[in-house]
Every structure is written in structure tokens, then in C-alpha cells.
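Straight run, no breaks: the sequence shown in my numbering ends on number 466.
Have a look at the structure below before the remarks.
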Amino acid sequence: MATRKGAHDEVKTLRLPVMKNKLVYLASIGAGLEYYDFVVCGLLAGYLAKAFFPQTDPMVASLQAFGLFSLGYFTRPLGGIIFGHLGDRYGRRAVFLWSMILMAIATLSMGLLPTHFQLGGLATLGLILLRALQGIAFGAELPGVMTFLMEHGSAKTRSFHGGVMLAGVSAGALLASGLLFFLAHFFSDPLMQRWGWRLPFLVGGALAVVAYTIRTSLPETPLFLQAQTTRLRWPVCHLMKQFPLRILMGVGVAMLSASLCMFQISLPVFLHQVYGFETSDVYLAITFSFMWAVLILPVVGRGVDRVGRAKLLMYLSILLAVSCFAIFTLLNNKNFISLLCFILLLQSFTCAAQCASLPLLAELFPTPVRLSGTAFCYNTVHLLASLLPILLGQWISWFGNMQHFYLVFIGLSLIVFCSAVWAHFNVLHPNSSPSQFQP
28 MATRKGAHDE VKTLRLPVMK NKLVYLASIG AGLEYYDFVV CGLLAGYLAK AFFPQTDPMV
88 ASLQAFGLFS LGYFTRPLGG IIFGHLGDRY GRRAVFLWSM ILMAIATLSM GLLPTHFQLG
148 GLATLGLILL RALQGIAFGA ELPGVMTFLM EHGSAKTRSF HGGVMLAGVS AGALLASGLL
208 FFLAHFFSDP LMQRWGWRLP FLVGGALAVV AYTIRTSLPE TPLFLQAQTT RLRWPVCHLM
268 KQFPLRILMG VGVAMLSASL CMFQISLPVF LHQVYGFETS DVYLAITFSF MWAVLILPVV
328 GRGVDRVGRA KLLMYLSILL AVSCFAIFTL LNNKNFISLL CFILLLQSFT CAAQCASLPL
388 LAELFPTPVR LSGTAFCYNT VHLLASLLPI LLGQWISWFG NMQHFYLVFI GLSLIVFCSA
448 VWAHFNVLHP NSSPSQFQP
């Protein structure tokens, strides 16, 4: 039976020094390819709207297509529960393979699906079901990779490994946006609408098969193998019963990174409508921010390992609370340099928050329920954060701009600060700083 102890009590990890870096890079490549599959649906929303949501009002069709994109976030918690249970019962490696198979099937099927003109309402229903399957598959991806890397490494390198993995995820987003830019440049809009939109899905399905092949070479984690005798019949039920406070704190520590991610997703629409920025300029700035993230995430992760994950979140929440007013003021200049600085600063905060919060989530829970706990917290907080664009839209309707929206981030920073303090002093104190870690 699992005891109420955190990861720091059990991470006398069986090291694999020769394979460790290989495992990190292979797992990160798979995460990036699966993220490509997940986001390409949002990037193609305009074409999907015309192909599957034929409306006389194009705005209504576009809103329906973006609703389809959001559906993936709503089904992610279900995927986290399902694959978290399977991962704690049958192993982290098995979940890697099963989730990738599901993602490959869903993405490839999207590329082959008949349109509404060919199949009627059944085509729209099929697209909705396939998007739901994508969300279920992706619900286990980042928590699963982080759990895998955490259980293969040591406390001194977890945030660095997480940074490498997140850099792979950002590279997947870059790959998706780059392919869409290439197609839009060389294909006419009517050609893209007829069949060109299918190509990114077909490429994504093929990449998922490649990622599956890569993952077949990954070994099971040493900590899971050590915990074979303590495997639980229903890990999720045990998690809810024994660790409710840690679940709450897990949602709290991940709140900042999830909110910043969702806020950036909503920027292209609101920056154009409210501040008059050209949409192309916003997309260019966001592309630069993804490049910036790929470069700095491993470096930031190394720094988080030196400072300590919980401590870094405390410092970061304070820094964001005192600086967010100045960051939002940059938008008043209404030029590209100010826009780029605004987005790069947000991306920098996001990178630091992700490198600290993802490994911290995995450290909150013992091995028998680790994947269930990490996946449940991660997907729940992203489901909550998916409401942020709606709040932002309502805020703009009240005040006419985003200037005072920094107050929301001050409130989120307070939540993260309190959660990180609790985690540091009640669960992770022996492991919150590498100097205190005893291998």
C-alpha cells in the first residue's frame, strides 16, 4: 500500500548514465510531434469552418471551429484520468505508446475525413469525435513525459530535463506554424480549401507513427519497477482519498504557467481588435517568441534546478506581480518593438513557470499515484485556464482595453505564491534545493 510520502523520500534513483541524455531527447522529440498534432487543428480553424461548419455567417462558422479547438482542452482531463490510471497500473512506457497510437489514428483520420458537402452532418460529428480523441490522447502527454523523465533522473536535473522537453514542444508548435506558412505561400486559398488543409493532418499522422517508433525503444522507469509491490487497483480513487490537499496545491502551483499559455493563445485576436496591431505582426512576434522559448528553456531549466522549483515559483510570482503593470503599459506605444517586447517578456515568465511547475507536480505525489496526480492537476488547471480568453473578452467589453487586466495576473501570482510556500515547507523541503538532495 502506498504511504503518504513525497517523491523526495523515494528518489534514490537507479541511474542510467549512458542512456540518460538519449532518453531525454527521445522523449522530448515525441512530445513535440504529439503537440504538433494537437495544435494544428487550431491553426486550420478557418479552413475547417468552411469544410465542416457551413454557415451563411462566416463569423459563426469560425466561432464553431474555435469551439472545436477548445473541445480538445475539455477532454484532456478525461484523458489524464484514463491514462494516469493505466500508467500507474501498467507502466509509464505503455501509456507513451497507447496515447501515441490514439493520437496517430485521430490525426490521420482528420486528414481523410469527408467534408460536410460530401457526408453532411455525419462529417461534422466525425470531426468533433476525432478532436475529442486528440484531447484524450494529449491529456497524458506532458504529464507522462515529465513523470518519465523525473523517474529516470535525479532531483538535480529535473527542471533541465523538463526544459529540454518543453523546448521540444515549442519546436512542435514552430513546425506546425512553419508548415502552414509554407502551404499558404505556395498554395492558393481555393486550393487550400479544397484539399490543401488535409496535408498538415496527414503529415501529423505520419509524424505520430515516427514518434511511436521512437518510443518503442524507451525503457520502463526504475522507480515504477521498484514500486511493483505497491501497485494499486484504483490509483485515481486512492489519489482522491489520500492526497486531496496536494491536488489542490498542484493546481495552484501550475496556475501561472497555464494561464500565461492560454493568454498568449488569445493575443492575436484581441491585440488586433483592441490595439490595432496588424495580425501579421502579432503572428510574427509570436513566432519569434517560440524561437526564443526553444533557445532559453533548457537554460532556464538549469537555473531552476540550482535555485529550487518551489523557491523559483515564489520569486517568480512576486516579480510578475510587481512588474505586470509596466509590461501591459508597453502596448500603449502601439509599435512592433513594444509588441515584441511585451510578448517576449510574457514568454520568458511562461518558460520559467513551466520549468518549475511541471517537475514540482511530479514531486508532489509518490510513485503509485504519481502519473494520476500529475495528469489530473495539469489538465484540470489547463481546463480552468481555458476560460481566461473568455474573461479577457468580457474585460475588454467592460473597460475597452487590456490595460487593467494585470490585476488578474496579480491575483494569480498570489495563488501561486501561497501554493509554492505550502509545497516547499510541507512536502518538498528536503528536495526543494539541490544542495539538500541526498542521492
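We put the beta carbon where it would ideally sit given N, CA and C, even for glycine.
Please state if the CB of residue j and the CB of residue i are separated by a distance shorter than 9 Å.
i: Val-443; j: Gly-189; result: no
i: Arg-120; j: Glu-305; result: no
i: Ser-413; j: Ser-197; result: no
i: Ser-204; j: Pro-386; result: no
i: Tyr-62; j: Phe-165; result: yes
i: Phe-101; j: Thr-151; result: no
i: Ile-370; j: Ala-312; result: yes
i: Tyr-405; j: Gly-99; result: no
i: Leu-105; j: Ile-163; result: yes
i: Ile-354; j: Leu-366; result: no
i: Gly-231; j: Val-67; result: yes
i: Phe-436; j: Ala-320; result: no
i: Ala-447; j: Ser-293; result: no
i: Tyr-302; j: Met-130; result: no
i: Ala-194; j: Leu-324; result: yes
i: Ala-58; j: Gly-277; result: no
i: Thr-377; j: Gln-291; result: yes
i: Ala-235; j: Leu-434; result: no
i: Glu-178; j: Ser-126; result: no
i: Tyr-239; j: Ile-128; result: yes
i: Phe-392; j: Leu-275; result: no
i: Ala-379; j: Val-454; result: no
i: Phe-317; j: Gln-161; result: no
i: Phe-22; j: Val-263; result: The question about residue 22 has no answer, for the chain in this structure spans 28 to 466.
Could you pull out every residue in the same chain whose Cβ sits closer than 6 Å to the Cβ of residue i, ignoring the five residues on either side in sequence?
i: Leu-157; result: Ala-133, Ser-136 and Met-137
i: Asp-36; result: Because the pLDDT at Asp-36 is just 43, under 50, the model does not fix this residue reliably, and the point stays unresolved.
i: Phe-228; result: Thr-134, Met-137 and Gly-138
i: Leu-202; result: Tyr-63
i: Val-237; result: none
i: Phe-363; result: Asp-308
i: Val-122; result: Phe-110, Leu-113, Gly-114, Ala-167 and Gly-171
i: Gln-91; result: Phe-80
i: Leu-50; result: His-179
i: Leu-250; result: Glu-178 and Thr-394
i: Arg-225; result: Gly-138
First and last residue of the alpha helix (DSSP H) that includes residue i?
i: Glu-178; result: 168 to 179
i: Asn-453; result: 433 to 453
i: Ser-384; result: 363 to 390
i: Gln-421; result: 415 to 426
i: Met-429; result: Premise fails: Met-429 is in no alpha helix (DSSP H) and is neither H nor E.
i: Ala-312; result: 306 to 334
i: Met-127; result: 119 to 139
i: Lys-77; result: 72 to 79
i: Ala-198; result: 185 to 213
i: Asn-406; result: 397 to 412
i: Pro-249; result: 249 to 253
i: Pro-271; result: 271 to 280
i: Thr-240; result: 225 to 242
With a threshold of 8 Å on Cβ separation, who are the neighbours of residue i within its own chain once the five nearest residues in sequence on each side are excluded?
i: Cys-368; result: Leu-357
i: Tyr-117; result: none
i: Leu-154; result: Leu-75, Phe-79, Leu-95, Met-137 and Leu-140
i: Ala-211; result: Met-219
i: Phe-452; result: none
i: Met-173; result: Gly-189, Met-192, Leu-385, Pro-386, Leu-388, Ala-389 and Thr-401
i: Ser-460; result: Confidence in Ser-460 is poor, its pLDDT being 38 and thus under 50, which makes the residue's placement unreliable; the coordinate value appears in the next sentence. Once the five neighbours on either side are set aside, the close Cβ partners of Ser-460 are Val-334, Gly-335 and Lys-338.
i: Ser-244; result: Leu-53
i: Phe-315; result: Leu-367, Ile-370 and Leu-371
i: His-299; result: Glu-305, Thr-306 and Val-309
i: Trp-261; result: His-112
i: Phe-432; result: Phe-355, Leu-419 and Trp-422
i: Lys-361; result: Tyr-302, Gly-303 and Phe-304
i: Ser-424; result: none
Who are the Cβ neighbours of residue i in its own chain at under 7 Å, not counting the five residues just before and after it?
i: Met-282; result: Val-408, Leu-439, Ile-442 and Val-443
i: Leu-207; result: Leu-70 and Pro-227
i: Tyr-310; result: Pro-295
i: Arg-258; result: Arg-116 and Pro-395
i: Leu-411; result: none
i: Thr-184; result: Asp-332
i: Thr-144; result: It is worth fixing the name first, because residue 144 is Phe in this sequence and not Thr. Counting only Cβ-Cβ distances below 7 Å, and skipping sequence neighbours, we find nothing.
i: Ala-159; result: Leu-98 and Thr-102
i: Ala-285; result: Val-408, His-409 and Ala-412
i: Leu-287; result: Leu-373, Phe-376, Thr-377 and Ala-380
Is it true that the segment 395 to 405 meets the segment 100 to 119, where meeting means three or more beta-carbon pairs spaced less than 8 Å apart? Enough Cβ pairs lie closer than 8 Å, so yes.
Is the segment 325 to 340 touching the segment 377 to 384 in the sense that three or more CB pairs, one from each, lie closer than 8 Å? Because the criterion of three Cβ pairs below 8 Å is met, the segment 377 to 384 and the segment 325 to 340 touch.
So does the segment 262 to 273 actually touch the segment 416 to 423, counting three or more Cβ pairs closer than 8 Å? No, the segment 262 to 273 does not touch the segment 416 to 423.
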